[in-house]
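Trainee:
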Amino acid sequence: MVEHTPGRPLAAGRGSRNEATRRHNLSTLLSLVHHRQGVSRADLTRATGLNRSTIGVLVADLVAGGLVRETAPATGAVGRPSPIVVPDPDVVTIAINPDVDAIVVGIVGMGGVVHARERVPMANLPTVEQMVDVVRVHSADMLDGTPWRAVGAGVAIPGLVRVRAGEVARAPHLLWRDEPIAEPLRRALGVPVAVDNDANAGLVAESLFGAGRGRSNLVYLNGSVSGIGGSVLNDGAVLRGSDGFAGELGHTLARSDGEQCHCGRTGCLETEVNLQRLERAAGAAGIDHADVEGSLSRSESAVLGAELDHQVDTLARAMASFVSVFNPEVIVLGGFLSALHALRGDRLAAALEDLAFAPLADNLDVVRAELGDELLMVGAAEIAFGDLLADPLGTG
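First residue of the sequence shown? That's 1 in UniProt numbering, and the numbers climb one at a time after it.
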């Protein structure tokens with residue numbers, strides 16, 4: 001993932017320095033417009049500290065580059081009306097999320113607008129080659145006959161990713177190991193491709209467009225059929241670690257005498273807080289993966305009720321540890337963990353209050369992810385938009 005956090009605007013200099021200043025300020029403006037999904041010129045002036053004439057020139061450059069549009073201000077506003085600068089939703093990326101039972105492909109425009117999304121079921125674990133073929137065919141169908149202009153593709157992988165190399169180091173649920181991802185997709189799609197872990201993608205999406213918006217310190221946990229993914233936002237940046245694999249919170253120890261995890265260890269969090277365990281407890285009724293919360297809430301199984309209590313209590317213990325280690329402002333729960341929060345929120349809150357170190361938990365919020373099925377599409381797109389946001393007009 002190419003991360004870009006806009007800095008403060010720079011004063012103009014001379015020669016190459018002047019061009020670097022312009023590029024930096026264009027990046028700052030486009031990032032603000034993209035992440036806020038529309039900003040008035042007056043607010044851009046206030047947010048950046050640049051004067052109105054400079055903002056006007058920069059906005060004109062972005063309009064000419066086909067990256068933003070200007071719309072009329074809301075009627076009835078007090079004072080001189082200021083045009084609203086909005087991201088051009090026709091500038092898009094191809095968003096990709098392979099998993100054990102399906103490959104999800106989408107088209108996402110600037111501003112986090114999901115234009116199209118398709119879940120392609122797979123009879124067996126997909127290979128990288130199968131993923132590339134599925135993405136090539138379905139993205140072409142989605143783009144055909146539209147005004148959308150693809151500037152890149154982003155892939156959210158359930159596994160360990162070498163981000164700079166665009167490779168999967170290990171995705172155990174998919175049985176992928178040391179697999180190039182970016183290069184075969186680039187050849188198939190004809191656009192730059194960026195790759196990251198799916199939890200990192202979800203974290204970025206929720207922090208920019210969802211439940212973590214405006215927060216600088218955040219823990220994101222997502223539960224899916226592949227297990228539990230985690231990611232940490234530390235002072236506004238994704239926590240990477242020495243090998244780039246930080247945030248594997250699903251593999252923290254939850255129970256020393258628990259079940260063996262696919263990683264070879266015993267009692268990992270994702271073996272104790274686990275969608276398949278919920279399915280076994282539900283029995284013949286099963287769980288609809290498209291409506292986990294509804295399936296769980298409709299069940300009258302006492303076995304399932306006990307399993308829900310166990311998983312919520314286990315999740316609370318893990319979250320208490322994360323509070324001590326990361327001191328987040330908010331913990332965002334996605335996937336089936338969001339359903340646990342919805343159905344056992346009071347129990348989760350009470351357990352966390354008992355277990356967490358109070359000085360670090362007093363102002364903590366625990367919330368459900370807001371982006372739903374679009375989460376990893378928005379996150380994968382944000383991975384792909386990184387280069388454009390860093391250098392909007394490609395002058396670097």
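Each residue gets a CB set at the ideal place from its N, CA and C atoms; glycine is no exception.
Treat the numbers as computed from the prediction; the structure is a model and nothing was measured.
My guess is that Val204 and Val238 are in contact by the Cβ rule of under 8 Å, so how many angstroms apart are they, rounded?
Mentor: Val204 to Val238, Cβ: 7 Å. Contact.
Trainee: Taking Cβ to Cβ, would you say Ile107 is nearer than 9 Å to Val219?
Mentor: Against a cut-off of 9 Å, the Cβ pair of Val219 and Ile107 comes out as no contact.
Trainee: Near Arg344, which residues of its chain fall below 8 Å by C-beta distance, leaving aside the five closest residues on each side in sequence?
Mentor: Leu308, Asp309 and Val312, listed in sequence order.
Trainee: One question on the structure: do Ala182 and Gly159 come within less than 9 Å of each other, judged by their Cβ atoms?
Mentor: Their beta carbons are not under 9 Å apart, which means Ala182 does not touch Gly159 by this criterion.
Trainee: Could I get the ranges of all uninterrupted beta strand (DSSP E) runs contained in the segment 25-100, with 3 residues as the minimum, in chain order?
Mentor: You should have 68-71, 84-87 and 91-98.
Trainee: Taking buried to mean at least 16 other C-beta atoms within 10 Å of its own C-beta, is Ser299 buried or exposed?
Mentor: Under this definition Ser299 is a buried residue.
Trainee: Please report the straight-line C-alpha distance between Ala390 and Glu259, rounded to a whole angstrom.
Mentor: Straight-line Cα distance between these residues: approximately 45 Å.
Trainee: For Pro121, collect the residues of the same chain with a Cβ closer than 7 Å to its Cβ; drop the 5 residues on either side in sequence, then sort them by chain order.
Mentor: If we look at Pro121 and ignore the five residues flanking it on each side, its Cβ neighbours are Asp101 and Ala102.
Trainee: Drop a sphere of 10 angstroms on the beta-carbon of Phe385, count the other beta-carbons inside from all chains shown, and report buried for 16 or more, exposed for fewer.
Mentor: By the neighbour-count rule (16 or more Cβ atoms within 10 Å), Phe385 is buried.
Trainee: For the segment 91-179, list the alpha helix (DSSP H) runs that are entirely contained and at least 4 residues long, ordered along the chain.
Mentor: You should have 128-143.
Trainee: Which of helix, strand or coil does DSSP assign to Gly15?
Mentor: With a pLDDT of 37 at Gly15, under the threshold of 50, the modelled position of that residue is not reliable, and the figure given next carries that caveat. DSSP places Gly15 in helix when its eight states are reduced to three.
Trainee: Which residues does DSSP pair with Val219 in a beta bridge?
Mentor: Beta-bridge pairing links Val219 to Val232 and Ile331.
Trainee: Check whether the Cβ atoms of Pro328 and Leu364 lie closer than 9 Å to each other.
Mentor: Cβ distance < 9 Å, so Pro328 and Leu364 count as in contact.
Trainee: At what residues does the alpha helix (DSSP H) containing Arg213 begin and finish?
Mentor: From DSSP, Arg213 is part of no alpha helix (DSSP H); its letter is neither H nor E.
Trainee: Work out the CA separation of Asp196 and Cys261 for me, nearest whole Å.
Mentor: Rounded to whole angstroms, Cys261 to Asp196 spans 23 Å at the Cα level.
Trainee: Please state whether the Cβ-Cβ distance between Leu375 and Asn222 is less than 9 Å.
Mentor: Going by C-beta atoms, Leu375 is nearer than 9 Å to Asn222.
Trainee: Starting from the N-terminal side, write out each stretch of the alpha helix (DSSP H) that is 4 residues or longer and does not extend beyond the segment 297-365.
Mentor: The segment 297-365 contains these whole alpha helix (DSSP H) runs: 302-326, 336-355 and 358-361.
Trainee: Within this structure, are the beta carbons of Ala320 and Ala361 separated by less than 9 Å?
Mentor: Yes, these two residues count as a Cβ contact at 9 Å.
Trainee: Which word fits Thr5, buried or exposed, when buried means at least 16 other C-beta atoms lie within 10 angstroms of its C-beta?
Mentor: The predicted position of Thr5 is uncertain, since its pLDDT is 45 and thus under 50; a value taken from the coordinates is nonetheless stated next. So Thr5 ends up on the exposed side.
Trainee: Provide the residue(s) that pair with Gln260 in DSSP beta bridges, ordered along the chain.
Mentor: Note: Gln260 sits in a beta bridge opposite Thr266.
Trainee: Rounded C-beta distance between Val104 and Arg117? I'm assuming under 8 Å.
Mentor: Their Cβ separation, rounded to whole angstroms, is 7 Å, which keeps Val104 and Arg117 in contact under 8 Å.
Trainee: Can you look up Ser295 in the DSSP assignment and give me helix, strand or coil?
Mentor: The answer is helix: DSSP assigns Ser295 an H, G or I state.
Trainee: Are the CB atoms of Leu26 and Ala50 within a distance shorter than 9 Å?
Mentor: Checking the sequence, you will find Leu at residue 50 rather than Ala. Their beta carbons are not under 9 Å apart, which means Leu50 does not touch Leu26 by this criterion.
Trainee: Is it a yes or a no for the segment 274-291 touching the segment 236-250, going by three-plus beta-carbon pairs under 8 Å?
Mentor: The segment 274-291 is not in contact with the segment 236-250.
Trainee: Take every Cβ of the segment 163-180, pair it with every Cβ of the segment 138-147, and state whether three or more of those distances are shorter than 8 Å.
Mentor: The segment 163-180, when compared against the segment 138-147, does not touch it at the 8 Å Cβ threshold.
Trainee: Determine the burial state of Ser295: buried for a count of at least 16 other Cβ atoms within 10 Å of its Cβ, exposed for fewer.
Mentor: Label assigned to Ser295: buried.
Trainee: Over what stretch of residues does the alpha helix (DSSP H) that includes Asp387 continue unbroken?
Mentor: From DSSP, the alpha helix (DSSP H) with Asp387 extends over Leu375 to Ala390.
Trainee: Which class does Val273 belong to by DSSP, given the choice of helix, strand or coil?
Mentor: Residue state, collapsed to three classes: coil.
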